[in-house]
Amino acid sequence: MFVGPRMKRDLVTVTAGATLEEAARLLKAHRIHHLPVVEEGNRLVGIVTDTDLRNATLEGMFGVADSGDSGRPATVGEIMTRELVTLSPGDTLDDAMLVLSRERIGALPVVDRERLVGIVTKADILTALLSTLDIEGLGVRIEVVLRRDVKEVARLVGALADMQVEVRSLVLAPHGAEGYAAFVRVATIDVASVRDRLREKGFSVGELSDFYEPG
Numbered sequence: 015m016f017v018g019p020r021m022k023r024d025l026v027t028v029t030a031g032a033t034l035e036e037a038a039r040l041l042k043a044h045r046i047h048h049l050p051v052v053e054e055g056n057r058l059v060g061i062v063t064d065t066d067l068r069n070a071t072l073e074g075m076f077g078v079a080d081s082g083d084s085g086r087p088a089t090v091g092e093i094m095t096r097e098l099v100t101l102s103p104g105d106t107l108d109d110a111m112l113v114l115s116r117e118r119i120g121a122l123p124v125v126d127r128e129r130l131v132g133i134v135t136k137a138d139i140l141t142a143l144l145s146t147l148d149i150e151g152l153g154v155r156i157e158v159v160l161r162r163d164v165k166e167v168a169r170l171v172g173a174l175a176d177m178q179v180e181v182r183s184l185v186l187a188p189h190g191a192e193g194y195a196a197f198v199r200v201a202t203i204d205v206a207s208v209r210d211r212l213r214e215k216g217f218s219v220g221e222l223s224d225f226y227e228p229g
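With the numbering used here applied, the sequence shown closes on residue 229, and no number is skipped along the way.
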């Protein structure tokens, strides 16, 4: 999954010369938490968040800030983050998740040749994952532990095909040093029968009791 199709393109932006009050009104009116700061030609120069605005307000109230006669920052340019981490439309959502987690931030501007073309947030990534996992509608997820061998994955898919079970999604994750955990969402309410038949074919199918004991 690439960032380009998932990013927000209808952007709300602000200039560095805008007042903090103007920025706060934009955030509130559009129910967002991040405002990219742009110059002429939509060139990205910074980003300001609702947290930045709250901190600036507190600095003014308690006399911490040094800028301006009132001791409070007056414009977006004074408080915005200038050293930005950005993505390109061709980056993957995997890249975006990794950067958001490492940097502990909530959104990433998307740029093409320094020009702002979009923004991707944690909520956008969650929406993309929900779509990929096909969680809505009829279905139950089964966990099957496999050897780390593509032939084992093919054998699992073949077994499900033999059962004429509709597979809504299949996700592989590392399981130990030499295994996969295959999370299969199947469109059936008779999940017990599917588990039993997979076990009959030699698959290791997880149960809740395998990893959770009620207190």
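Heads up, the beta-carbon is just placed ideally off N, CA and C, and yes, glycines get one too.
Simplified DSSP assignment, three categories, for residue 200
strand
For residue 28, count the other beta carbons within 10 Å of its own beta carbon; 16 or more makes it buried, fewer makes it exposed. Which is it?
buried
Sequence-distant residues of the same chain with beta carbon closer than 7 Å to residue 201, five excluded per side
152, 153, 180 and 182
Please specify which runs of the alpha helix (DSSP H), each continuous and at least 4 residues long, are wholly inside the segment 126 to 160, giving them in chain order.
136 to 147
Suppose the cutoff is 6 Å on Cβ atoms and the five residues either side in sequence are ignored; what does the same chain contact list for residue 80 look like?
Model confidence at residue 80 stands at a pLDDT of 49, short of 50, so the residue's coordinates are unreliable; what they give is reported in the following sentence. If we look at residue 80 and ignore the five residues flanking it on each side, it has no Cβ neighbours.
Are residue 58 and residue 49 touching if we call contact CB-CB under 8 Å?
no
Let me check you understand the geometry: is the CB of residue 220 closer than 7 Å to at least one non-hydrogen atom of the ligand GDP?
Among the components modelled here there is no ligand, and therefore nothing to report on the ligand GDP.
If you run the structure through DSSP and keep just helix, strand and coil, what is residue 47?
coil
Nearest to residue 106 (by Cα), restricted to the options 96, 122 and 72
122
Please classify residue 203 as buried or exposed, where buried requires at least 16 other C-beta atoms within 10 Å of its C-beta.
exposed
Going by Cα to Cα distance, which pick from 94, 55 and 100 is closest to residue 34?
94
Bridge partners of residue 188, per DSSP?
194
Shortest alpha-carbon distance to residue 61 belongs to which of 221, 132, 149 and 209?
132
Tell me the DSSP secondary structure of residue 60 in three-state form.
strand
Can you give the Cα-Cα distance for residue 26 and residue 88, rounded to whole angstroms?
20 Å
Between the segment 153 to 164 and the segment 126 to 144, can you find at least three pairs of beta-carbon atoms closer than 8 Å?
no
Between the Cα of residue 184 and those of 177, 194 and 24, spot the shortest distance and give me the residue it belongs to.
194
Which whole-angstrom value is the C-beta distance of residue 101 and residue 164, which I expect to be below 8 Å?
30 Å between Cβ atoms; not a contact.
Would residue 191 and residue 160 qualify as a contact pair, given that the criterion is a beta-carbon distance under 8 Å?
no
Check whether the Cβ atoms of residue 67 and residue 37 lie closer than 8 Å to each other.
yes
Pull the bridge partners of residue 16 from the DSSP assignment, please.
106
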